[in-house]
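Asks: What follows is a structure written as structure tokens; I'll ask about it next.
There are 2 protein chains.
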Amino acid sequence: MSESVWLRQQRPRREAPPLTRERIVGEAVALLDEKGVGRLTMRRLAERLNTGSTTLYWHVKTKDDVLELALDAIFGDVSLPEAGPDWRADVIALMSGWRAAMLSHPWSAAVLGGRPLLGPNVMARTDFLYGVLAAAGLAGPRLAGAAYAVANYVIGSALMEVGARRDETVAHDAAAEHLVRNRDRYPHLAAHGHLSGDEWDAAFVHGLECLLDGLARVSLR
Amino acid sequence: MSESVWLRQQRPRREAPPLTRERIVGEAVALLDEKGVGRLTMRRLAERLNTGSTTLYWHVKTKDDVLELALDAIFGDVSLPEAGPDWRADVIALMSGWRAAMLSHPWSAAVLGGRPLLGPNVMARTDFLYGVLAAAGLAGPRLAGAAYAVANYVIGSALMEVGARRDETVAHDAAAEHLVRNRDRYPHLAAHGHLSGDEWDAAFVHGLECLLDGLARVSLR
DNA sequence: CCATCCTCCCGTACGTCGTTCGGGTGACCG
DNA sequence: CGGTCACCCGAACGACGTACGGGAGGATGG
Chain A
1 MSESVWLRQQ
11 RPRREAPPLT
21 RERIVGEAVA
31 LLDEKGVGRL
41 TMRRLAERLN
51 TGSTTLYWHV
61 KTKDDVLELA
71 LDAIFGDVSL
81 PEAGPDWRAD
91 VIALMSGWRA
101 AMLSHPWSAA
111 VLGGRPLLGP
121 NVMARTDFLY
131 GVLAAAGLAG
141 PRLAGAAYAV
151 ANYVIGSALM
161 EVGARRDETV
171 AHDAAAEHLV
181 RNRDRYPHLA
191 AHGHLSGDEW
201 DAAFVHGLEC
211 LLDGLARVSL
221 R
Chain B
222 MSESVWLRQQ
232 RPRREAPPLT
242 RERIVGEAVA
252 LLDEKGVGRL
262 TMRRLAERLN
272 TGSTTLYWHV
282 KTKDDVLELA
292 LDAIFGDVSL
302 PEAGPDWRAD
312 VIALMSGWRA
322 AMLSHPWSAA
332 VLGGRPLLGP
342 NVMARTDFLY
352 GVLAAAGLAG
362 PRLAGAAYAV
372 ANYVIGSALM
382 EVGARRDETV
392 AHDAAAEHLV
402 RNRDRYPHLA
412 AHGHLSGDEW
422 DAAFVHGLEC
432 LLDGLARVSL
442 R
């Protein structure tokens, strides 16, 4: 008792390219960029791909997989600099790119939390960092410690900066007024102020230079 | 047509202390510690407090508020050290406590992402940090930059360490095998290894010392 | 040429979630 | 004793992640 052939669609839809993991992740990144992490939904993602929501589960195990893949994907954009004579400059270049990637995809900060970073793009960048530090003369646990120190600094910076930037656009006045109202409770904070929008970049590089200086002096020569 | 009086409960339940924001946040922290961030639910939280789930909304605007309050609450445990003669030691003591708080509440890392830190406990600790750095001779944007550098380093370290620790307990073998299998793709990573469980503490303090060294040399005197 | 399998797709449905709404109920005040 | 207020809650709504069973179309192999 099946329906008449004439009423059925002959070709379901072959105008769109076939669904792949890459296409899913690409759309996920676009959706996250546009709407933020709270609006990423399997249904919405599927709609953008002109497919059914449950179809996604053929290519991906869970929604969390999509997030993890999207997170690793954005690190594919950070370029590995040419290895130059000054290893410090190489580290700064790599880490500036890392930070820029996180800043231009603010949802990445929220996705990062408490999750091991094992994606190929992240691993490749970490390996590059290891390589630069090794060429600089570090080895073993000392090298691992230095690499983690640098990476942690960068990730923490990007994380906080994303939070501060969102704060600036959405509730800057409220937060500022909150601070003035409680300036007796936070005297030093009120006295010296916060970083303003255009100071973040310089502060980031400056802090990183200080960290590298300290690491170099203690661990090299 | 209301029900007979005799069938109704006379006293709803006055054995429990009255519901307050503090009690809600306290139970939320306990629930988060036990079950993790994915299992925190308004209904589950209410059940633990012997109340209806919708009652919570009288004391709290959204679930996100609960998370933000819980996050700030755990920073109430980090103690402000006595201001001693060595400002570096003070910073290290404060930041070690900060890190310890995050490590003993692993969900905090996931909650932190991309959110401005404006709670009173966090602000008080930040103010204390500002105070220590001011006493050390820093001021203005230089001080703010240094404070952010230190705080970002600590937060990033705790974040990564939580991820690595979870990785260690849940998928250590798989991750290790994954690395050996691709050791040609990540040669430096495979050559120098990762930090092992008991090296994290020392690496954290060492990196922080390096950072403080660099900051002191560049910005002081 | 038909039967069979594999790949990819999807409608339906279940259980759970955050949150809104409208109505309680007791304490206190006049 | 009527009314206002602080606090509480059951029911319901819409959205979510995802399990399941099935179905189409090409490939395979007899």
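Residue numbers (this note's numbering), protein chains in the order written: chain A, 1 to 221; chain B, 222 to 442.
The C-beta atom is built at its ideal place from N, Cα and C for all residues, glycine as well.
As the structure is a computational prediction, the values presented were derived from the model and not from experiment.
1) Have a look at residue 438/B and residue 432/B and give me their C-alpha separation to the nearest angstrom.
2) Can you confirm whether the region 415-430 of chain B touches the region 145-158 of chain A when touching is taken to mean that 3 or more C-beta pairs between the two stretches lie within less than 8 Å?
3) Using a Cβ-Cβ distance under 9 Å, would residue 160/A count as near chain B?
4) Between the Cα of residue 332/B and those of 288/B, 240/B, 410/B, 263/B, spot the shortest distance and give me the residue it belongs to.
5) Rounded to the nearest angstrom, what separates residue 401/B and residue 63/A at their Cα positions?
6) Just to confirm, is the Cβ distance from residue 338/B to residue 114/A under 9 Å?
7) In chain B, what lies closer than 9 Å to residue 199/A by C-beta?
8) Grab me the residues of residue 49/A's own chain with a C-beta within less than 6 Å of its C-beta, minus the 5 sequence neighbours each way, in chain order.
9) Between the alpha carbons of residue 403/B and residue 128/A, how many angstroms are there, rounded?
10) In the DSSP assignment, find the alpha helix (DSSP H) that holds residue 293/B and state where it starts and stops.
11) Roughly how many angstroms separate the alpha carbons of residue 306/B and residue 103/A, rounded to a whole number?
12) Using the Cβ count rule (16 or more neighbours within 10 Å means buried), how would you classify residue 106/A?
13) Reducing DSSP to helix, strand and coil, say where residue 362/B ends up.
14) Using beta carbons (cut-off 9 Å, strictly below), is residue 317/B in contact with chain A?
15) Quick check on residue 288/B - is its C-beta less than 9 Å from some C-beta in chain A?
16) By how many angstroms is the C-alpha of residue 435/B removed from the C-alpha of residue 279/B?
17) Compute the Euclidean distance between the alpha carbons of residue 259/B and residue 219/A, then round it to the nearest angstrom.
Replies: Concretely, from the data shown:
1) Going by the C-alpha atoms only, they are around 10 Å apart.
2) Contact holds between the region 145-158 of chain A and the region 415-430 of chain B, because three or more Cβ pairs, one in each stretch, are under 8 Å apart.
3) Interface residue, yes.
4) Taking residue 332/B as reference, the option from 288/B, 240/B, 410/B, 263/B with the minimal CA-CA separation is 288/B.
5) So the two alpha carbons sit approximately 28 Å from each other.
6) No; because the gap between Cβ atoms is not below 9 Å, this pair is not in contact.
7) Within 9 Å Cβ-Cβ: 362, 365, 366.
8) Taken in chain order, the residues that qualify are 27.
9) In a straight line, the C-alpha of residue 403/B is about 15 Å away from that of residue 128/A.
10) Per DSSP, residue 293/B belongs to the alpha helix (DSSP H) from 284-295.
11) Cα to Cα, residue 306/B sits roughly 38 Å from residue 103/A.
12) Residue 106/A comes out buried.
13) Looking at residue 362/B - three-state DSSP - the assignment turns out to be helix.
14) Not a single CB atom of chain A sits nearer than 9 Å to the CB of residue 317/B.
15) Residue-level contact check: residue 288/B does not touch chain A, since none of the beta carbons of chain A fall below 9 Å from its beta carbon.
16) Whole-angstrom Cα-Cα distance: 50 Å.
17) One C-alpha to the other measures close to 41 Å.
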